[in-house]
Amino acid sequence: GAGVSQSPSNKVTEKGKDVELRCDPISGHTALYWYRQRLGQGLEFLIYFQGNSAPDKSGLPSDRFSAERTGESVSTLTIQRTQQEDSAVYLCASSGIGGSGEQYFGPGTRLTVT
Amino acid sequence: SQQGEEDPQALSIQEGENATMNCSYKTSINNLQWYRQNSGRGLVHLILIRSNEREKHSGRLRVTLDTSKKSSSLLITASRAADTASYFCATDSSQRYQLIWGAGTKLIIKP
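For the record, the sequence lines run as chains D and U.
The first sequence begins at 5 in the numbering used here and counts up one residue at a time.
The second sequence begins at 657 in the numbering used here and counts up one residue at a time.
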């Protein structure tokens, strides 16, 4: 596709339920990032995938959070047993070079936990 | 801990005026980037300036970098209503693939 896409765009879930967020990166981009953005704040790094290397999961806030990526394609971020503090916009970005260069962002998934 | 911190937190100016936002960071960097975020287009990359560069231009945008002061500024000239957005600086970190983000400057352009 032309850009990074994410689905769903909005998700409302009850506390305790699991949610799965999806990211389709730009075709050919080897690096993929997940971020969390709380209202009025900057981006909080969650996880980084680079090609077939082991992902850097150092930003995941708890073991309720996990992410997968198959090769250089789609990634899913799963949050188990959601809590109200998980409410945020989850942004996915991809990059062609995997370094600290320009990142291309998707529109995000707004997650609301009630 | 937060690497980039933008200043001011919020800025409201008249259309046609210039807007200046600042970013300070704490550790040495390879490059610094500025991004814009609005409801219409999400988060979009504006400009990247490398540590060996002092100034860079892109259209109505001018970015400066002072590595001795660990600071950068973003100047938007002849502002337009469409420039209304939040502006973030992002710097690389010791893990070179990871960007560290500030909390952003919210810019409002009044018609």
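Glycine is no exception: its CB is placed at the ideal position from the N, C-alpha and C atoms.
One or two residues paired with residue i in a DSSP bridge
| i | result |
| --- | --- |
| Gln641 (chain U) | Past the boundaries of the shown model lies residue 641 (chain U); chain U is included only from 657 to 767, so the question cannot be answered. |
| Ile756 (chain U) | U:Thr747 |
| Gln54 (chain D) | D:Ala35 |
| Val16 (chain D) | D:Thr116 |
| Thr676 (chain U) | U:Leu731 |
| Gly698 (chain U) | U:Asn694 |
| Thr723 (chain U) | Beta-bridge pairing links Thr723 (chain U) to no other residue. |
| Lys766 (chain U) | U:Gln670 |
For residue i, the three-state DSSP class (helix, strand or coil)
| i | result |
| --- | --- |
| Glu671 (chain U) | coil |
| Ala738 (chain U) | helix |
| Ser657 (chain U) | Caution applies to Ser657 (chain U), whose pLDDT of 38 falls short of 50 and renders its modelled position unreliable; the value that the coordinates give is listed next. In this structure, Ser657 (chain U) counts as coil in the three-state DSSP scheme. |
| Asp67 (chain D) | coil |
| Gln107 (chain D) | coil |
| Gln88 (chain D) | helix |
| Val8 (chain D) | coil |
| Glu76 (chain D) | coil |
| Gln41 (chain D) | strand |
| Tyr94 (chain D) | strand |
| Tyr691 (chain U) | strand |
| Ile83 (chain D) | strand |
Distance, residue j Cα to residue i Cα
| i | j | result |
| --- | --- | --- |
| Gln658 (chain U) | Ala6 (chain D) | Here the model assigns Gln658 (chain U) a pLDDT of 44, short of 50, so the residue's position is not dependable, and the following value carries that caveat. One C-alpha to the other measures close to 32 Å. |
| Ile51 (chain D) | Ser695 (chain U) | 24 Å |
| Ser714 (chain U) | Leu702 (chain U) | 8 Å |
| Asn56 (chain D) | Ile669 (chain U) | 47 Å |
| Ser728 (chain U) | Thr747 (chain U) | 11 Å |
| Phe744 (chain U) | Arg716 (chain U) | 17 Å |
| Ser79 (chain D) | Leu64 (chain D) | 15 Å |
| Glu106 (chain D) | Lys682 (chain U) | 21 Å |
| Gly20 (chain D) | Arg68 (chain D) | 11 Å |
| Ile764 (chain U) | Glu89 (chain D) | 29 Å |
| Val719 (chain U) | Ser31 (chain D) | 30 Å |
CB contact flag (residue i, residue j, <9 Å)
| i | j | result |
| --- | --- | --- |
| Ser684 (chain U) | Lys725 (chain U) | no |
| Ser98 (chain D) | Val8 (chain D) | yes |
| Asn678 (chain U) | Ser707 (chain U) | no |
| Leu25 (chain D) | Thr82 (chain D) | yes |
| Ser768 (chain U) | Gln693 (chain U) | Because chain U here runs from 657 to 767, residue 768 (chain U) falls outside it and cannot be looked at. |
| Ser70 (chain D) | Gln84 (chain D) | yes |
| Val23 (chain D) | Thr118 (chain D) | no |
| Gly75 (chain D) | Tyr94 (chain D) | no |
| Leu721 (chain U) | Leu47 (chain D) | no |
| Glu671 (chain U) | Pro767 (chain U) | yes |
Under 9 Å by beta carbon: chain D residues contacting residue i
| i | result |
| --- | --- |
| Leu721 (chain U) | None at all; the shortest Cβ gap to chain D is about 14 Å. |
| Trp690 (chain U) | Correct list: empty, because the minimum Cβ distance to chain D is about 11 Å. |
Interface partners of residue i on chain U, CB under 7 Å
| i | result |
| --- | --- |
| Gln45 (chain D) | Ala759 |
| Ala58 (chain D) | None at all; the shortest Cβ gap to chain U is about 13 Å. |
Chain U residues whose Cβ lies nearer than 9 Å to that of residue i
| i | result |
| --- | --- |
| Gln87 (chain D) | Correct list: empty, because the minimum Cβ distance to chain U is about 23 Å. |
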